[in-house]
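Here is the structure we will look at.
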């Protein structure tokens, strides 16, 4: 491919990105230590080069449809350049590396803490940032290069095209109660027998709850949770306070001394846990983490 006619001014695209984020020419100028006329001039030159208007000037600066279309590509490019700088630094010294990991809270509770504890012992100087968000947001951040690695569970409903996916474990979900509920312990319980107890589950949009609904439907049991809670920690705390029966990963239950797993006659779902990343953007630090997790599993 011939790149001789590729006329890119990286500074102008950086200005465009910052103006979009700040929604202000003056804030961008202050951030960069340049004059506002300089920012305006360079944005105008970029608009002339592209042949489109990028911003509607007024009391509130707004992006044109053309700017909205351009922004994701510029954002991804800038984040890629940042990672390139980090990779060069890491080639000099692995100890100066950093990793950004994304994980839903219900997976992070039982899995990621132990991994990070052991990884930090082996690589004590590597900085680690963990972001807990819903799966759809984690994939958006991964695709825009704001995250290096996502750890999530099946089913992966998001678009995984161009991503490397490695299975690192299989984890079982269970129903649990407070240990004072002796009527539910030391015997096999049918799902129907639990209908008189308050059910505490993750949001219906979560993959784990969707699979639980299927189990209820298959056995003709009405699925009527009293509480739908975003985080596993809060579900466990509510069960710990004897507010109902919780639906959690088995390894999460084990972390709470007062919680007990209900021996259910029906089988509950088991989920595969995956590590997801862009193979072509791996720094030496991220490779070290991925190789560590592979050995961990």
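Numbering (our numbering), first residue to last: -7 to 289.
The C-beta atom is built at its ideal place from N, Cα and C for all residues, glycine as well.
Here the structure is a predicted model, which means the values were calculated and not measured.
If you compare the alpha carbons of 163, 224, 208, 149 with that of residue 258, the shortest gap goes to 208.
Judged by DSSP in its simplified three-state form, residue 15 adopts coil rather than helix or strand. The straight-line gap separating the alpha-carbon atoms of residue 94 and residue 140 is approximately 8 Å.
When rounded, the separation of the alpha-carbon atoms in residue 62 and residue 35 is 13 Å. Residue 27 and residue 267 have their C-alpha atoms spaced approximately 45 Å apart. In the structure shown, the three-state DSSP call for residue 56 is coil.
Relative to residue 234, the option among 129, 115, 191 whose CA is nearest is 191. Boundaries of the alpha helix (DSSP H) around residue 107: 105 to 114.
The beta carbon of residue 217 lies closer than 6 Å to those of 191, 193 in the same chain, with the five residues before and after it left out. For the segment 147 to 201, the continuous beta strand (DSSP E) assignments of 3+ residues that do not extend past its boundaries occur at 156 to 170, 191 to 193, in sequence order. The alpha-carbon separation between residue 126 and residue 237 amounts to approximately 23 Å. Apart from sequence neighbours up to five positions away, the residues of its chain that approach residue 4 with a beta-carbon distance below 6 Å are 34, 38, ordered along the chain.
Inter-residue distance for residue 189 and residue 98 is about 22 Å (C-alpha atoms, whole angstroms). When the alpha-carbon of residue 162 is set against those of 146, 154, 170, 155, the nearest one is in 146. Taking all protein chains in view, the Cβ of residue 282 is crowded by 16 or more other Cβ atoms within 10 Å, so the residue is classified as buried. Rounded to whole angstroms, residue 167 and residue 286 show a C-alpha spacing of 29 Å. Residue range 262 to 269 is occupied by the beta strand (DSSP E) that includes residue 267. Between residue 70 and residue 6, the C-beta gap is smaller than 8 Å, which places the two residues in contact. Counted as a single uninterrupted DSSP element, the stretch harbouring residue 37 is not any beta strand (DSSP E) but the alpha helix (DSSP H) occupying residues 28 to 42. In the DSSP assignment, residue 224 falls within the unbroken alpha helix (DSSP H) covering 224 to 232. A direct Cα-to-Cα measurement between residue 96 and residue 23 gives close to 33 Å. Looking only at 111, 135, 228, the smallest Cα-Cα distance to residue 277 is reached by 111. A check of alpha carbon separations from residue 223 across 214, 196, 18 identifies 196 as the nearest. Judged by their CB atoms, residue 180 and residue 264 are not nearer to each other than the 8 Å cut-off.
With fewer than 16 other CB atoms across the displayed protein chains lying within 10 angstroms of its CB, residue 105 is exposed. Looking at the DSSP output, residue 219 bridges to 192. Checking the DSSP bridge columns, you'll see residue 241 partnered with 165.
Straight through space, the alpha carbons of residue 232 and residue 186 are spaced by roughly 17 Å. In the assembly as shown, residue 128 is an exposed residue. Its beta-carbon has fewer than 16 other beta-carbons within 10 Å.
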